[in-house]
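A.B. asks: Protein chains in written order, with the numbering used here: chain P, 1 to 314; chain X, 1 to 314. Beta carbons are placed, not taken as given, at the ideal position from N, Cα and C, and that holds for glycine.
Number of protein chains: 2
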Amino acid sequence: MLLRGIIENLDIEQASSSVFTIADLGCSTGPNTFIAVENIVEGVTQKYKTKSNSNLPEFQVYFNDHTSNDFNTLFANFPSNRGYFGAGVPGSFHGRLFPKSSLNFVHSASALQWLSRAPQELSDLNSCVCNRGRIHYANAPNEVGEAYSNQYAMDMESFLAARAEEIAPGGLMAMIIPGRPDGTLPSQFSLSHLFCLIEYSLIDMVNEGLVSKDKLDMFNLPMYSPSVEELRALVEKNGYFSFAEMEIHETSIPLPPARVCRAGLESFVCKHFGTEITEQIFDRYSAKFAELPQGTAAHCSLISLFILLKRRRI
Amino acid sequence: MLLRGIIENLDIEQASSSVFTIADLGCSTGPNTFIAVENIVEGVTQKYKTKSNSNLPEFQVYFNDHTSNDFNTLFANFPSNRGYFGAGVPGSFHGRLFPKSSLNFVHSASALQWLSRAPQELSDLNSCVCNRGRIHYANAPNEVGEAYSNQYAMDMESFLAARAEEIAPGGLMAMIIPGRPDGTLPSQFSLSHLFCLIEYSLIDMVNEGLVSKDKLDMFNLPMYSPSVEELRALVEKNGYFSFAEMEIHETSIPLPPARVCRAGLESFVCKHFGTEITEQIFDRYSAKFAELPQGTAAHCSLISLFILLKRRRI
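1) In chain order, what are the residue ranges of uninterrupted alpha helix (DSSP H) at least 4 long that sit wholly in the segment 229-284 of chain P?
2) Give the list of continuous beta strand (DSSP E) stretches no shorter than 3 residues that lie fully inside the segment 167-217 of chain X.
3) Quick one: Cα of P/S304 to Cα of X/F306, how far?
4) Whose CA, out of P/P222, P/F273, P/W114, lies closest to the CA of P/L210?
5) Would DSSP call X/E13 helix, strand or coil?
6) Can you tell me the Cα-Cα spacing of X/I22 and P/P257, whole angstroms?
7) Considering Cα atoms alone, identify which of P/Q294, P/T275, P/R262 is closest to P/Y285.
8) Could you check if X/D24 is buried or exposed, using at least 16 other CB atoms within 10 Å of its CB as the buried criterion?
9) Which full runs of the alpha helix (DSSP H) of 4+ residues lie inside the segment 68-133 of chain P, going along the chain?
10) Using a C-beta cutoff of 9 Å, does P/E58 count as contacting chain X?
11) Let me confirm a value: X/H107 is counted as buried when at least 16 other C-beta atoms fall within 10 Å, else exposed. Which label applies?
12) Is it the case that the Cβ atoms of P/N131 and P/N220 are separated by a distance below 9 Å?
13) Between the alpha carbons of P/I40 and X/I203, how many angstroms are there, rounded?
14) Quick one: which chain P residues come within Cβ less than 8 Å of X/N72?
15) Can you tell which of P/K49, P/F105, P/L265, P/K47 has its C-alpha closest to the C-alpha of P/A36?
16) Let me make sure I understand the geometry here. Which of X/T45, X/M205, X/E38 has the alpha-carbon closest to that of X/F63?
17) Short of 7 Å in beta carbon distance, which residues of its chain neighbour P/K51, apart from the five on each side in sequence? Order them along the chain.
18) Could you tell me which of P/K100, P/H299, P/R117, P/D217 sits nearest to P/L255, measuring between CA atoms?
19) Is there a C-beta anywhere in chain X that falls below 9 Å from the one on P/R313?
20) Taking all protein chains shown into account, decide if X/S227 is buried (16 or more other Cβ within 10 angstroms of its Cβ) or exposed.
21) Any idea what DSSP makes of P/Q46, helix, strand or coil?
22) Across which residues does DSSP place X/F289 in a beta bridge pair?
23) Against P/L202, what residues of chain X qualify as contacts under a CB-to-CB distance less than 9 Å, listed in chain order?
24) Checking contacts by CB at 9 Å: is X/T251 closer than that to chain A?
25) How long is the line joining the alpha carbons of X/A168 and X/K49, rounded to whole angstroms?
26) Quick one: residues in its chain with C-beta nearer than 8 Å to the C-beta of X/F159, no 5 flanking neighbours on either side, listed in chain order?
27) What span of residues does the beta strand (DSSP E) with X/Q60 cover, start to end?
28) Can you confirm whether the segment 184-201 of chain P touches the segment 112-122 of chain P when touching is taken to mean that 3 or more C-beta pairs between the two stretches lie within less than 8 Å?
29) Does X/R163 have its Cβ less than 9 Å from a Cβ in chain P?
30) Can you round the beta-carbon distance between X/A164 and X/Y240 to whole angstroms, since I take them to be within the 8 Å contact cut?
31) Where does X/T29 sit, in a helix, a strand or coil, going by DSSP?
32) Using a Cβ-Cβ distance cut-off of 9 Å, determine whether P/L103 contacts chain X.
33) With P/K310 as the anchor, note down where its beta strand (DSSP E) starts and where it stops.
34) Taking the DSSP output, what are the residues bridged to X/D24?
35) For chain P, check one thing: does any of its Cβ atoms lie closer than 9 Å to the Cβ of X/V106?
36) On the DSSP bridge list, what partners appear for X/M156?
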């Protein structure tokens, strides 16, 4: 999908430089980021080889994630026979990370669901839209989903504005984003099962006096999955990108066990509730997970949006 | 010194790009690397401001050190109000780290004394030049110093060849290197006191049966301090750089206490002798250090070479 997208859409006639720069945003520590980068390098190389009059460029790859990412592990995992120069770039992709027009290809897989923060009004105990007793917009009133959708719009506007500056005209940006079907409300997000198991664990702990009710009411996970409509509107509002490819994939995946769920969410849970409580939350998640009926209830439908954008020449 | 060197020698008429790229090689974890980079950015900015028809470029700074460097700490220490885009680049500066002609300024302070490895023949128990009972060339026979000098020449040739490819024509490279006066032999290196305290500690431990004699005989520190003559010959042999500035500074510094010495050498000592023995070596260093007479014997004369090279337009 990525390979075909590159071969069909990359304009190498325009690439004046002898360096082709790639950035993977939200790279974590590997190996997924290395596999993605290898695919991109292969696609670009194939495209260059079909043009006999172009020399193959050298590749510079930037691996980006938050400053708190374990870059030491990322660097230790660098493939030894990589065909590119590698660098780590710490910082939030909701802001600028690279000089103007310095990137030829941006990739971001399973990272753009993270918001810069949960919508503030949902964590405000004095607000009429405070998201009491829940940790997400799944199964919540519509105004909770709307607050998340608004935060997502702000974050994606910042993201697209930064990338519009950084990606050279004609450059590509590939994104794999967990999304939801068009025509559905945010609250109908298919991974609601996942958050419910944590939510129920926390409610039990409030009832047992182990966690204060206010603390639970103030906690909301900073994750959002858009519909294609929402994403399309944001890209069009930004104006600097055209759609080169878009595909929607629906797969049924088993509900992730505590270990997987913890890997993704621990840092947020731990920061809000403290280390000791976190241990208990995921122990309880595990117990509830084990009690789930085997079958459809233990599965969730995952909708993945693959979007390839092209930086317009404006 | 660095600031004046940049203002007097940087050719910004030739800089066609809107990005000015800087690399600090052997950066460690800060704050020295950030201070150096700030000085370079300031010097380049001053130079640009004297030319009213040039827009100030954006700055991209690459922080390089071995993969085993603590990049997580480096990134956590990034100045929050920095006027540049920052990236970490893991790998040895004895090889290629960046694409061709992609750097405008390279800086390396107190890092180029590290060899890629100690001369192999000195650690070979069957070799007639095996450096028995010593851990360095300080106070050693001339052939030991020569073996170190040869290894340094090979490493600097690799270093200069890699930088000649990476630095754009007209770009600058500033190096601060612990050296020794012209006309002296390697064995007259002024920091010999430092290595002797470790050497004596190890010899005591061999005599007490705590370390095998062979293990000591096979250990040599991978550090070398060149004379200006040596460096000049290597730069001229490479041929891609001209000397823009060269200054020699001599200062008398107190012999470093165990803590400082350990910070620099622990990884090598630990890798060869093992963690438990390392603890003892530096404890013994500390005891010997405390017994030193106060005065000249506890000082060493440090010779610092400041060299500014300019990448020729060939």
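C.D. replies: So, from the data block:
1) 258-273
2) 167-179
3) As a working note, residue 304 of chain P is residue 304 in the first sequence. As a working note, residue 306 of chain X is residue 306 in the second sequence. Answer to the nearest angstrom: the Cα atoms are 56 Å apart.
4) Here residue 210 of chain P corresponds to residue number 210 of the first sequence, with the count starting at 1. When only C-alpha atoms are compared, the closest one is P/F273.
5) The residue you call residue 13 of chain X lines up with position 13 of the second sequence. Looking at X/E13 - three-state DSSP - the assignment turns out to be coil, as it is neither helix nor strand.
6) In the second sequence, residue 22 of chain X corresponds to position 22, counting from 1. In the first sequence, residue 257 of chain P corresponds to position 257, counting from 1. Between X/I22 and P/P257, the C-alpha separation is close to 46 Å.
7) Working through the first sequence from its first residue, we reach residue 285 of chain P at position 285. Of P/Q294, P/T275, P/R262, the residue nearest in Cα terms is P/R262.
8) If you number the second sequence from 1, residue 24 of chain X lands on position 24. Looking at its Cβ environment, which holds 16 or more other Cβ atoms inside 10 Å, X/D24 is buried.
9) 71-76
10) Here residue 58 of chain P refers to the residue found at position 58 when the first sequence is read from its first residue. For P/E58, the answer is yes, since a Cβ of chain X falls inside 9 Å of its Cβ.
11) On the second sequence, residue 107 of chain X is found 107 positions in, with the first residue counted as 1. Buried.
12) Counted from its first residue, the first sequence places residue 131 of chain P at position 131. Counted from its first residue, the first sequence places residue 220 of chain P at position 220. Contact: yes.
13) Mapped onto the first sequence, residue 40 of chain P falls at position 40. Mapped onto the second sequence, residue 203 of chain X falls at position 203. The straight-line gap from Cα to Cα measures roughly 55 Å.
14) Locating residue 72 of chain X in the second sequence gives position 72, counting from the first residue. Those within 8 Å of X/N72 in chain P are D70, F71, N72.
15) Residue mapping note: residue 36 of chain P aligns to position 36 of the first sequence, counting from 1. Nearest C-alpha to P/A36: P/F105.
16) Position 63 of the second sequence, counting from 1, holds the residue named residue 63 of chain X. The shortest Cα separation from X/F63 among X/T45, X/M205, X/E38 belongs to X/E38.
17) What you label residue 51 of chain P is simply residue 51 of the first sequence in a count that begins at 1. Here the set comprises I12.
18) Here residue 255 of chain P refers to the residue found at position 255 when the first sequence is read from its first residue. Out of P/K100, P/H299, P/R117, P/D217, P/H299 has the C-alpha closest to the C-alpha of P/L255.
19) Residue 313 of chain P sits at position 313 when you count from the first residue of the first sequence. For P/R313, the answer is no, since every Cβ of chain X falls outside 9 Å of its Cβ.
20) The count along the second sequence starts at 1 and reaches residue 227 of chain X at position 227. Burial call: buried.
21) For the purposes of this step, residue 46 of chain P is taken as residue 46 along the first sequence, with counting starting at 1. Here P/Q46 sits in helix by DSSP.
22) Here residue 289 of chain X is taken as the residue at index 289 of the second sequence, counted from 1. X/F289 is not bridged to any residue.
23) Indexing the first sequence from 1 puts residue 202 of chain P at position 202. Within 9 Å Cβ-Cβ: nothing; P/L202 doesn't reach chain X, min ~30 Å.
24) Looking for chain A here will not work: the only protein chains present are P and X.
25) If you number the second sequence from 1, residue 168 of chain X lands on position 168. If you number the second sequence from 1, residue 49 of chain X lands on position 49. Near 22 Å, if we compare the C-alpha coordinates of X/K49 and X/A168.
26) Against the second sequence, residue 159 of chain X aligns to sequence position 159. Once the five neighbours on either side are set aside, the close Cβ partners of X/F159 are F93, H94, L112.
27) Taking the second sequence and counting its residues from 1, the one referred to as residue 60 of chain X is at position 60. 58-65 is the span of the beta strand (DSSP E), which, as asked, contains X/Q60.
28) no
29) Translated into the one-based positions of the second sequence, residue 163 of chain X becomes position 163. No, X/R163 lies away from the interface with chain P (no Cβ there is under 9 Å from its Cβ).
30) In the second sequence, counting from the first residue as 1, residue 164 of chain X sits at position 164. In the second sequence, counting from the first residue as 1, residue 240 of chain X sits at position 240. Contact flag correct, Cβ pair sits at about 4 Å.
31) Counted from its first residue, the second sequence places residue 29 of chain X at position 29. If DSSP states are grouped into helix, strand and coil, X/T29 belongs with coil.
32) The sequence position of residue 103 of chain P within the first sequence is 103, counting from 1. Not one chain X Cβ lies under 9 Å of P/L103.
33) Taking the first residue of the first sequence as 1, we reach residue 310 of chain P at position 310. Unbroken beta strand (DSSP E) run through P/K310: 299-311.
34) Counted from its first residue, the second sequence places residue 24 of chain X at position 24. Answer by DSSP bridge pairing, in chain order: X/F63, X/H107.
35) Position 106 of the second sequence holds residue 106 of chain X. Chain P, which has no Cβ nearer than 9 Å to the Cβ of X/V106, makes this no.
36) Taking the second sequence and counting its residues from 1, the one referred to as residue 156 of chain X is at position 156. Partner(s): none; X/M156 has no beta bridge.
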